[in-house]
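Peer 1:
In this note's numbering, the protein residues as written are 178 to 379.
#1: Along the chain, where does the alpha helix (DSSP H) containing residue 275 start, and where does it finish?
#2: In whole angstroms, give me the CA-to-CA distance for residue 197 and residue 231.
#3: Using CA coordinates, which residue listed in 218, 191 and 235 is at the minimum distance from residue 185?
#4: Taking the straight line between their C-alpha atoms, what separation do you get for residue 260 and residue 284?
#5: The alpha helix (DSSP H) with residue 234 in it runs from where to where?
#6: So, are the CB atoms of residue 180 and residue 221 less than 7 Å apart?
#7: Is it the case that the stretch 238-248 contacts the stretch 208-227, given that we only count it when at least three CB pairs across the two stretches are under 8 Å?
#8: Do residue 265 and residue 309 count as a contact pair if the criterion is CB distance below 7 Å?
#9: Which residue or residues does DSSP assign as beta-bridge partners of residue 256?
#10: In three-state DSSP terms, what is residue 179?
#11: DSSP beta-bridge partners for residue 201?
#12: Given residue 306, which residues of its chain have a CB within under 7 Å of its CB, disregarding the five upstream and five downstream residues?
#13: Rounded to the nearest angstrom, how far is the Cβ of residue 202 from that of residue 211, given a contact under 8 Å?
#14: Helix, strand or coil for residue 320, going by three-state DSSP, please let me know.
#15: Round the Cβ separation of residue 335 and residue 219 to the nearest angstrom and send it over; I've been treating them as touching at under 8 Å.
#16: Could you check the C-alpha separation between residue 183 and residue 206 for me, to the nearest Å?
#17: Please classify residue 187: does DSSP put it in a helix, a strand, or coil?
#18: In three-state terms, what does DSSP make of residue 212?
#19: Rounded to the nearest angstrom, what separates residue 178 and residue 331 at their Cα positions?
This is the structure:
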């Protein structure tokens, strides 16, 4: 399982948001994607996760081109964007069950996975609370749990620290991610001094 980016370009008119970048993320690797605001980190994430097409260049996820195999690639990715999309009138459990059902989980398998994400992301105290009544930190935890609910092959978190550093244990997230074997994770970040201690590549 890997991600391959080759000569990626994204232009908006005459402005280049991404200008000819290439990199690889290998199985089991945690890649820190560092850069200032406006460097194209989020745009790159959106292309990898099939939210938008590139102007030129290629992106492969597990050997599949994101333009030719968009639906298959999306099934393999868990993505938490910087602006966390949540339904504020749902409580945490309902939100996770809804996300699980969208990914095809049902019955005992769904309930077990929801329980695991509540534990891993530290949501026990707010599991019956409406998301609209939660603090920003807890909302991000719910978003992280949703991104991991289907046990994705690739995990991508845009600006992740508030979600990932305040949960019970970063180790518990990695343990959950690697329970089925090492898989790649990709975390873009504008400024995160502690990040390099977690990443295997920056």
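The beta-carbon is built from N, C-alpha and C at its ideal position, and this holds for glycine as well.
Peer 2: Here's the rundown:
#1: Numbered from its first residue, the chain shown carries residue 275 at position 98. It spans 269-279 - the alpha helix (DSSP H) in which residue 275 sits, taken as one unbroken run.
#2: For the purposes of this step, residue 197 is taken as residue 20 along the chain shown, with counting starting at 1. For the purposes of this step, residue 231 is taken as residue 54 along the chain shown, with counting starting at 1. If I take the Cα positions, the gap works out to 11 Å.
#3: The residue given as residue 185 occupies position 8 in the chain shown. Considering only alpha carbons, the answer is 235.
#4: Here residue 260 refers to the residue found at position 83 when the chain shown is read from its first residue. Here residue 284 refers to the residue found at position 107 when the chain shown is read from its first residue. Taking the straight line from one Cα to the other gives about 30 Å.
#5: Working through the chain shown from its first residue, we reach residue 234 at position 57. First-last for residue 234: 233-238, but that is the beta strand (DSSP E), not the alpha helix (DSSP H).
#6: In the chain shown, the residue the question calls residue 180 occupies position 3. In the chain shown, the residue the question calls residue 221 occupies position 44. No, these two residues do not count as a Cβ contact at 7 Å.
#7: yes
#8: Mapped onto the chain shown, residue 309 falls at position 132. Mapped onto the chain shown, residue 265 falls at position 88. A contact, by the Cβ cut-off of 7 Å.
#9: If you number the chain shown from 1, residue 256 lands on position 79. Answer is 333, bridged to residue 256.
#10: The count along the chain shown starts at 1 and reaches residue 179 at position 2. It is coil, neither helix nor strand.
#11: Counting from 1 along the chain shown, the entry for residue 201 is found at position 24. Residue 201 is bridged to 181.
#12: Position 129 of the chain shown holds residue 306. Closer than 7 Å at Cβ, skipping near neighbours: 268 and 269.
#13: Numbered from its first residue, the chain shown carries residue 202 at position 25. Numbered from its first residue, the chain shown carries residue 211 at position 34. Not really, about 14 Å apart at Cβ, beyond 8 Å.
#14: For this step, residue 320 is matched to residue 143 along the chain shown. In this structure, residue 320 counts as helix in the three-state DSSP scheme.
#15: In the chain shown, the residue the question calls residue 335 occupies position 158. In the chain shown, the residue the question calls residue 219 occupies position 42. Right, their Cβ atoms sit about 6 Å apart.
#16: Your numbering for residue 183 matches position 6 in the chain shown. Your numbering for residue 206 matches position 29 in the chain shown. Near 18 Å, if we compare the C-alpha coordinates of residue 206 and residue 183.
#17: For this step, residue 187 is matched to residue 10 along the chain shown. Strand.
#18: Locating residue 212 in the chain shown gives position 35, where the first residue counts as 1. If DSSP states are grouped into helix, strand and coil, residue 212 belongs with coil.
#19: Walking along the chain shown from the start, residue 178 turns up at place 1. Walking along the chain shown from the start, residue 331 turns up at place 154. Answer to the nearest angstrom: the Cα atoms are 8 Å apart.
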